[in-house]
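J.:
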Amino acid sequence: MIKVAIADDHPIVLQGIRQLLSAEPGIEVVAEASSAHEVLELLDKTDVDVVILDISLPDRSGLEVLDIIKVRNNKTHVLVLSAFPEEQYAIRALKSGASGYMTKNSAPKELIDAVRKVSRGGKYVSSILAEKLAGILTSDNVLPHENLSNRELQIMLMIASGKTTGEIARNLFISTSTVGTYRMRIMEKMQVKTNTELVRYAVEKRLIN
38 MIKVAIADDH
48 PIVLQGIRQL
58 LSAEPGIEVV
68 AEASSAHEVL
78 ELLDKTDVDV
88 VILDISLPDR
98 SGLEVLDIIK
108 VRNNKTHVLV
118 LSAFPEEQYA
128 IRALKSGASG
138 YMTKNSAPKE
148 LIDAVRKVSR
158 GGKYVSSILA
168 EKLAGILTSD
178 NVLPHENLSN
188 RELQIMLMIA
198 SGKTTGEIAR
208 NLFISTSTVG
218 TYRMRIMEKM
228 QVKTNTELVR
238 YAVEKRLIN
């Protein structure tokens, strides 16, 4: 029996994945979480084979959670689920130890296949993503956003998506001044001066939908 935990802050997504996997023979959903704190806490108490991890949890970046999970128990297989375009976070997630990476618009059967594959120790990415990653990995060009830390990238995407400083601070449980510090650092690394330029860059590079 494959024991699965789901971490996502959207109740509809949680319910949908639970119903999908619970109907499959040999798969059992043993835990659910809607925040980084909850998923890390439940993993201390519950034996899990596969964690389906949303990249955008409200209190912490999914990539930060992934790093912590792999340090605590490297045998736990993590399948990252994201609403962002595949190439956006895929390389970062896989380099951090994720066993697979999928977008939330993937077909239900694809998610089931991915859970089964990573539970056996395999890696899962879609064929389309595999082609994109091959092109990225063989390119010598380093794009500006690739120099950002995981947290900086998360905040940059929130800015580009139209969130205010206050909204970002509340979502990430940090102060508005800390958001401002991150913003200045991001602007410097990205070599832009305004939020409009950030949005334009994010759209051009397909970092946001």
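Numbering (our numbering), first residue to last: 38 to 246.
Ideal placement from N, C-alpha and C gives every residue a C-beta, glycine not left out.
Taking its Cβ as the centre, do 16 or more other Cβ atoms sit within 10 Å of histidine 47, making it buried, or is it exposed?
T.: Result: exposed.
J.: Would a C-beta distance cut-off of 8 Å place valine 115 and serine 136 closer than the cut-off?
T.: It is a contact, given that the beta carbons lie within the stated cut-off.
J.: Tell me alanine 140's beta-bridge partners as DSSP assigns them.
T.: For the sequence presented, residue 140 should be read as threonine rather than alanine. Paired residue(s): Ser119.
J.: Which full runs of the alpha helix (DSSP H) of 4+ residues lie inside the region 196-243, going along the chain?
T.: The qualifying runs are 202-209, 213-227, 232-241.
J.: What residue does the beta strand (DSSP E) around valine 162 start on, and which one ends it?
T.: Segment: none, valine 162 is in no beta strand (DSSP E) and carries neither H nor E.
J.: Apart from the five residues on each side of it in sequence, which residues of its chain come closer than 7 Å, Cβ to Cβ, to lysine 160?
T.: Ser136, Gly137, listed in sequence order.
J.: Between arginine 129 and serine 93, what straight-line distance do the alpha-carbon atoms span, to the nearest angstrom?
T.: In a straight line, the C-alpha of arginine 129 is about 14 Å away from that of serine 93.
J.: Measure from the alpha carbon of isoleucine 192 to the alpha carbon of each residue in Met224, Ser163, Ser164, then state which is nearest.
T.: Of Met224, Ser163, Ser164, the residue nearest in Cα terms is Met224.
J.: Where does aspartate 46 sit, in a helix, a strand or coil, going by DSSP?
T.: Coil, per DSSP.
J.: Just to confirm before moving on: does the CB-CB distance between valine 329 and threonine 113 stay below 8 Å?
T.: Examination of residue 329 is not possible in this model, given that the chain is present from 38 through 246 alone.
J.: Can you give the Cα-Cα distance for histidine 182 and alanine 239, rounded to whole angstroms?
T.: Rounded to whole angstroms, histidine 182 to alanine 239 spans 9 Å at the Cα level.
J.: Whole angstroms is fine: what's the gap from isoleucine 245's alpha carbon to glycine 63's?
T.: Near 36 Å, if we compare the C-alpha coordinates of glycine 63 and isoleucine 245.
J.: Could you give the first and the last residue of the continuous beta strand (DSSP E) run that contains glutamate 69?
T.: Residues 64-70.
J.: Name, in chain order, the residues that DSSP records as bridge partners for aspartate 91.
T.: Aspartate 91 is bridged to Leu118.
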